[in-house]
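Student: What follows is a structure written as structure tokens; I'll ask about it next.
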Amino acid sequence: MEKFDAVIIGAGTAGLSAGIALKRAGKSYVILDRKKEIGLPVRSTGAVSLVWVNKIGMPVKEEIVSSYIKGISFRTDTGKHVSLKYDRAVGLVYDFTKYEKYLADEMEGKLNYRLQTNVTSVDGNIVHSSAGDFEADYIVYAAGPQSAFGKKLDRNEVLVAYEEIRELPRRTDYDMVLWFTDKAPGGYVWDFNESDNTRKVGICYYPLNGTQPKAVLDEFTKSFSELNGKMLHTMAHQIPLAEPADQVVDGISLYTGDMVNAVLNTTAGGLQGAFWSGLSAGEAVAAGDPSLYQKKWDLEIRPWLMKHHRIHGKMHRNGSKSVGRLMTLSRMMPMSLKKRVFGGL
Ligand SMILES: Cc1cc2nc3c(=O)[nH]c(=O)nc-3n(C[C@H](O)[C@H](O)[C@H](O)COP(=O)(O)OP(=O)(O)OC[C@H]3O[C@@H](n4cnc5c(N)ncnc54)[C@H](O)[C@@H]3O)c2cc1C
């Protein structure tokens with residue numbers, strides 16, 4: 001049986017960043033994933049705030065960025081809006097496949113990953129998979145929004161997210177438009193530039209009434225001719241919305257990313273939480289002390305996530321009406337405060 005300092009389950013953002021930390025420290029590790037190719041299927045729009053990208057050391061290579069965000073418009077379908085233009089980029093949208101391939105093969109050199117390897121169970125320090133068993137001193141769980149072994153998330157604690165790449169001309173007014181609407185309770189509809197002739201149009205919301213996300217998006221975009229274009233690709237997935245976990249370390253097991261709800265509930269963005277938690281877990285394993293990850297989680301990562309969890313809870317308490325009030329309030333904010341609020345998300 002092969003033996004490693006660490007076995008990482010999942011080669012998404014969280015697992016790859018854990019691998020980067022272990023490779024930097026010269027430790028032995030293997031990342032196991034059931035998918036056929038890094039970066040596919042696409043799991044994210046890839047929008048992230050640059051403040052946090054720079055703070056936690058996410059990659060910013062030109063080749064993996066599909067667009068930069070210098071103008072943001074927040075709108076409701078009842079006609080309210082707050083629009084901001086910046087003199088610099090405040091966010092970027094990754095080309096998701098290139099971004100994951102960059103993490104896996106270039107950021108720290110080629111990581112040690114095995115694809116088409118489905119993890120079926122873990123017993124103590126032995127990981128069982130479709131490609132055989134692996135022994136590890138530590139196990140980093142980075143298997144995404146459902147647990148590695150089939151545990152389903154509670155329907156009340158997820159947003160369902162669905163996106164279409166549509167044939168639409170690049171927007172020149174705002175790089176990122178977000179609509180708050182009753183059709184997307186708890187979430188929003190987005191419109192981001194993808195290339196000169198395509199845009200990403202998507203929706204995330206509480207999946208409470210069983211309507212298919214495509215039907216919900218179609219119904220919304222029917223009212224806005226600027227969003228109607230031929231669909232070229234789709235992707236759908238769940239985004240955890242529950243409070244971030246308290247405990248992320250259990251003996252030799254460290255839990256990261258969507259598995260521990262490391263998601264900013266205000267934006268439903270999980271790439272930064274996945275990267276930060278994965279990297280921190282990898283660093284703690286490299287130091288031979290998993291409690292360092294729990295400390296980092298308790299003191300820095302969880303409080304940051306909780307701030308967003310609470311704001312989201314307040315915004316959604318009264319449905320979209322409270323979003324409308326928030327928009328009215330935000331229009332009264334001085335520009336310097338708005339820039340801080342929206343630029344720092
Ligand atoms: C439509 C949509 C749009 C989004 N847009 C954004 C956005 O713009 N910005 C943002 O920040 N976030 C966004 N997110 C959220 C973001 O994609 C996730 O939070 C993030 O990808 C989580 O990373 P992760 O590494 O924890 O999990 P994942 O990226 O889901 O990786 C988990 C990996 O584990 C593997 N795996 C699972 N089970 C097993 C097993 N048993 N054996 C082997 N391998 C296994 C999977 O194949 C997968 O590769 C979006 C999500 C969706 C669905």
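Our numbering applies: residue 1 is where the sequence shown begins, and numbers increase by one. The beta-carbon is built from N, C-alpha and C at its ideal position, and this holds for glycine as well.
Note down the Cα distance separating M1 from G124, rounded to an integer number of angstroms.
Tutor: Taken atom to atom, the span from the alpha-carbon of M1 to that of G124 is near 15 Å.
Student: Using the beta-carbon count (16 or more within 10 Å), is T256 buried or exposed?
Tutor: buried
Student: Assuming Q272 is part of the alpha helix (DSSP H), what are its boundary residues?
Tutor: 271–286 is the extent of the alpha helix (DSSP H) around Q272.
Student: Can you list, in chain order, the residues of its chain with a C-beta nearer than 6 Å to that of G344? Leave out the 5 residues immediately preceding and following it.
Tutor: In this prediction, G344 scores a pLDDT of 41, lower than 50, which makes its location untrustworthy; the coordinate-derived value is nonetheless stated afterwards. The answer, listed in chain order, is V51.
Student: Have a look at L159, S28, V216, V140 and flag the residue whose alpha-carbon is nearest the alpha-carbon of H237.
Tutor: Looking from the CA of H237, the closest CA among L159, S28, V216, V140 belongs to L159.
Student: Across the segment 242–252 and the segment 187–204, are there enough close Cβ pairs to call them in contact, namely three or more that are closer than 8 Å?
Tutor: no
Student: Any idea which residues DSSP pairs E37 with across the strands?
Tutor: L40
Student: Please report the residue range of the beta strand (DSSP E) in which N193 lies.
Tutor: 188–195
Student: What residue range does the alpha helix (DSSP H) around G71 cover?
Tutor: Element bounds for G71: not the alpha helix (DSSP H) but the beta strand (DSSP E), 71–76.
Student: E300 and L292: beta carbons closer than 9 Å?
Tutor: no
Student: Are there 16 or more other CB atoms within 10 angstroms of the CB of P213, so buried, or fewer, so exposed?
Tutor: buried
Student: Taking only the alpha-carbon atoms, compute the straight-line gap between L84 and A286 and give it to the nearest angstrom.
Tutor: 42 Å
Student: Closest by CA to V119, which one among V201, Y141, Y68?
Tutor: Y141
Student: Roughly how many whole angstroms lie between the Cα atoms of E164 and N197?
Tutor: CA-CA distance, E164 to N197, rounds to 14 Å.
Student: Expressed to the nearest angstrom, what Euclidean distance is found between the alpha-carbon atoms of I31 and S44?
Tutor: 20 Å
Student: Run the proximity test for V48: is its beta-carbon closer than 8 Å to any non-hydrogen atom belonging to ligand 1?
Tutor: yes
Student: To the nearest angstrom, how far is it from the Cα of D218 to the Cα of P185?
Tutor: 16 Å
Student: From which residue to which residue does the alpha helix (DSSP H) around S291 run?
Tutor: 291–296
Student: Mind checking E37: buried by the 16 CB within 10 Å criterion, or exposed?
Tutor: With fewer than 16 other Cβ atoms within 10 Å, it is exposed.
Student: Quick one: what does DSSP say G19 is sitting in, helix, strand or coil?
Tutor: helix
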